[in-house]
Amino acid sequence: MRLRALLETDALGLRLLGGRDELDRTVRGVMTTDLKDPSRYLSGGELVLTGLAWRRTPQDSEPFVRLLAGAGVAGLAAGEAELGAVPDDLVGACVRHRLPLFAVNESVAFATITEYVVRQVSGERAGDLAAVVDRHRRLMTSGPAGGGPEVVLDLLGSDLDLRAWVLSPTGRLVAGAGEPPGGAGAALAAEHLAATRAGRRAPHRVAVDGRTYSLFPVRAAGRGAASTGGPGGGQVPDVRESVLSDWLLAVEADAGEWAAARLDLLQGVTQLIAVERDRRDAARTVRRRLAQEILELVQSAAPPAEIAARLRVAAPVLLPGEGAAPHWQLVVARVDWEGEAGGEGDAADTGAVAQSLLEEILVDPAAAGMESGDRIAVAHSGGEAIALVPLVVPADATEEGAGGDGSGDGTAPAGDAPAAKPADTEPTHTGLRADVLLAAVRRPLAAGLADDGRLTLGVSGAVHSAEGLRGALEEARHARRVAAARPGRVCAAGHHELASHVLLLPFVPDDVRRAFTARLLDPLREYDRRHRAELVPTLEAFLDCDGSWTRCAARLHLHVNTLRYRVGRIEQLTGRDLSRLEDKLDFFLALRMS
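In the numbering used here, the protein residues as written are 843 to 1436.
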């Protein structure tokens, strides 16, 4: 389709700001992004939609537009909701680079534009898909009345006699009439992730429990989902950045026997489902911002009253209709990749991957559908994702101890532990356990991590007040470090596993603490005093990075060889070996007690 067709479609409400002479450009796909540099996800011919969250100063517009023009995109559409109007610096940059620029009225959802482009492009490539979509124009309308993926899957069954399911990367059922036969969801997800990591071209044909399936990736438009490629779809430049968060469409059939037109039809279906996926992600924006605000307050040691105020805002968003204030639990996750591309040094990328993955992991596996993760708020910072999970407790458990509102705002006594519940009363949510989370996701995610990735999770205990969040965050982070010390691609640890060291430290006698820390740290402190060598900060950073040379060197702004020299000096002065878990733990305890 041509850009001109978008401008001529009144329902899209687009207003041309520049580039009228370029309106005959061909649109081959659509991408929604707020990355400062989305070029790695572009293949050319896309209409790029942006909410302008990447723009912090007027100087940001020129490099952003230059990257888009260099990638060969067809045009740029900027939303007016963030800034009220498209800024002049962006208009000027687009004029200089001959990039058509549209303004998107705040009343028009990006999903509406995405659905229109996908439908038009897919319709040109597959007449049968266009016929199906035209017969059911309502299925992608905004709101629950459209039916979403369930309607698409019903059409595949009624029109093409195909049984199909939309699955998450952990194998959870997102849409479909019942679970895949024999509860094969996790196995299908594992097969899909393994095939994707191996670089096999989609659709992936697999056999599970004697049945043949064809697996199609459903990639969010923000990562290039709607870019039109061959029948099997294209891959982003580094598949590791999306493989752990992409949905998949599993069809009980052998796609190797299909004609090209039917493959095109299924590819178009995945693009329509991707529109709904993007809507789900957009709905998470408010929850992500709430989590980010609360995390920043906790990490900056803000007053408990200020944190409690944000918790009171978050509670009804995550648990609408619940009268009692919830308890809170924190989960920390980190994804680490070996190698350079998308690897350990790129904290922003790995943090976003961990955020998306944690949002999936924490969905109740018994709850099907796209909205079952609405109670979870996840932020990411410094390469790790932090989830804020509310826990519903019985009303009589919060009547005492939390001043009646459970917020712990610093003005009412937070009390001790929540009151014991009667034997015949069960809470509606019992809290998260690390071992249960691990059992649910280990098989499929290990396939996606392959031989160069690791996922580590740490789960805190439940807290009932704002004062407890900082301790819960440290607890979850320590639990994740415990998990990182274990073998395996997917590892998790809970707060109860910290009792052997972190939680017992306050009970160690002072003279024992001093003797233990002096034996390990005094040689380093003396060396630092004489040579200004910063061995102690180096040791702290090395342990905080779980022994990763790459991350630690990046954090300290050192060459890896310089870091290796410092660690070697630490080992020489103390007689310890930092490649041994026991010695790492001793140093960790010494630093904690010092």
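Heads up, the beta-carbon is just placed ideally off N, CA and C, and yes, glycines get one too.
How many whole angstroms separate the CB atoms of L1161 and V1234, which I take to be in contact at a CB cut-off of 8 Å? Separation of the CB atoms of L1161 and V1234 is rounded to 6 Å, and the pair is thereby assigned contact status at 8 Å.
Below 8 Å CB to CB, which residues in the same chain sit around C1333 once its five sequence neighbours on both sides are set aside? Once the five neighbours on either side are set aside, the close Cβ partners of C1333 are L1280, R1296, L1297, T1298, L1299, A1325 and A1326.
Inter-residue Cα distance where the pair is G1257 and R1411: With a pLDDT of 32 at G1257, under the threshold of 50, the predicted position of this residue should be treated as unreliable, and no value is reported.
Taking the alpha helix (DSSP H) that I1115 belongs to, which residues open and close that run? First-last of the alpha helix (DSSP H) with I1115: A1102 to A1125.
May I have the straight-line CA-CA distance separating R1322 from V1301, to the nearest angstrom? In this structure, the straight-line span from the alpha carbon of R1322 to that of V1301 is close to 7 Å.
Smallest Cα separation from A951: which of G921, R1356 and D1051? The option with the nearest alpha carbon to A951 is G921.
CA nearest to the CA of F1058, picked from P1045, D1051 and A1049: Taking only the C-alpha atoms, the option nearest F1058 is P1045.
Under the DSSP definition of a beta bridge, which residues are partnered with T874? T874 is bridged to L891.
What do you reckon, are the CB atoms on D1088 and V1111 nearer than 9 Å? Cβ atoms of D1088 and V1111: not closer than 9 Å.
How should A1037 be labelled, buried or exposed, when 16 other C-beta atoms within 10 angstroms of its C-beta is the threshold for buried? Counting the other Cβ atoms within 10 Å of the Cβ of A1037 gives 16 or more, which makes it buried.
DSSP three-state assignment for T1192, whether helix, strand or coil: Of the three classes helix, strand and coil, the one that applies to T1192 here is helix, per DSSP.
How would you label Y1055, buried or exposed, when you count the other beta carbons within 10 angstroms and need 16 or more for buried? Here Y1055 is buried: its Cβ has 16 or more other Cβ atoms, across all protein chains shown, within 10 Å.
Using a Cβ-Cβ cut-off of 8 Å (strictly less than) and excluding sequence neighbours within five positions of L824, which residues of its own chain qualify? Because the chain is modelled from 843 through 1436, residue 824 falls outside the range shown and cannot be assessed.
Under 9 Å between the Cβ atoms of L891 and T868? For L891 and T868, no; Cβs fall outside 9 Å.
Name the two residues that bound the continuous beta strand (DSSP E) containing E1226. For E1226, the enclosing beta strand (DSSP E) covers residues E1226 to L1233.
Between the segment 922-934 and the segment 955-962, do three or more beta carbon pairs fall short of 8 Å? With a cut-off of 8 Å, the segment 955-962 and the segment 922-934 do not count as touching, because too few Cβ pairs lie within range.
Decide if V1113 is buried, meaning its Cβ has at least 16 other Cβ atoms within 10 Å, or exposed. Checking the sequence shown, residue 1113 turns out to be Gln, not Val. Around the beta carbon of Q1113, 16 or more other beta carbons sit within 10 angstroms, so the residue counts as buried.
Using beta-carbon positions only, say whether V1173 and I1228 come within less than 9 Å of one another. Yes, the Cβ-Cβ distance between V1173 and I1228 is below 9 Å.
Along the chain, where does the beta strand (DSSP E) that runs through W1170 open and close? W1170 -> beta strand (DSSP E) spans H1169 to W1179.
DSSP three-state label for V950, please. Coil at V950, not helix or strand.
Contact set for A1049: own chain, Cβ-Cβ below 8 Å, skip 5 residues either direction: Excluding positions up to five away in sequence, the list reads Y1055.
Looking at the structure shown, is P991 part of a helix, part of a strand, or coil, going by DSSP? Helix.
Straight-line gap, R1014 to A1282 (C-alpha atoms, nearest Å): If you take the alpha carbons of R1014 and A1282, they lie about 9 Å apart.
Where do the ends of the beta strand (DSSP E) carrying C1387 lie? Note, C1387: premise wrong, no beta strand (DSSP E); not H, not E.
Going straight from the alpha carbon of H1338 to that of P1351, what length do you get? Those two C-alpha atoms are separated by around 22 Å.
May I ask you to report which of helix, strand or coil DSSP gives T956? In the structure shown, T956 sits in a helix (DSSP, three-state: H, G or I).
For L918 and D1123, what's the separation of their Cα atoms in angstroms? Roughly 21 Å between the two C-alpha positions.
Which of the three DSSP states is assigned to R1367 in this structure? In the structure shown, R1367 sits in a helix (DSSP, three-state: H, G or I).
If you draw a straight line from the C-alpha of Y883 to the C-alpha of V1220, how long is it? Inter-residue distance for Y883 and V1220 is about 24 Å (C-alpha atoms, whole angstroms).
Can you name, in chain order, every residue of its own chain whose Cβ lies under 6 Å from the Cβ of G855, other than the five neighbours on each side? Taking C-beta separations shorter than 6 Å and ignoring five residues to either side along the sequence, the partners of G855 in its chain run N947 and V950, following chain order.
Mapping DSSP to helix, strand and coil, what is P880? Collapsing the DSSP output to three states places P880 in coil.
Within this structure, are the beta carbons of L1366 and L1415 separated by less than 9 Å? Less than 9 Å divides the Cβ of L1366 from the Cβ of L1415.
Where does D1120 land, buried or exposed, given buried means 16+ other C-beta within 10 angstroms? Burial call: buried.
Look at D1051 and A1026 and say whether their C-beta atoms are less than 9 Å apart. Yes, they are a contact pair.
Exposure of A1040, with buried meaning 16 or more beta-carbon neighbours within 10 Å: Under this definition A1040 is an exposed residue.
P900 - partner residues in DSSP beta bridges: Partner(s): none; P900 has no beta bridge.
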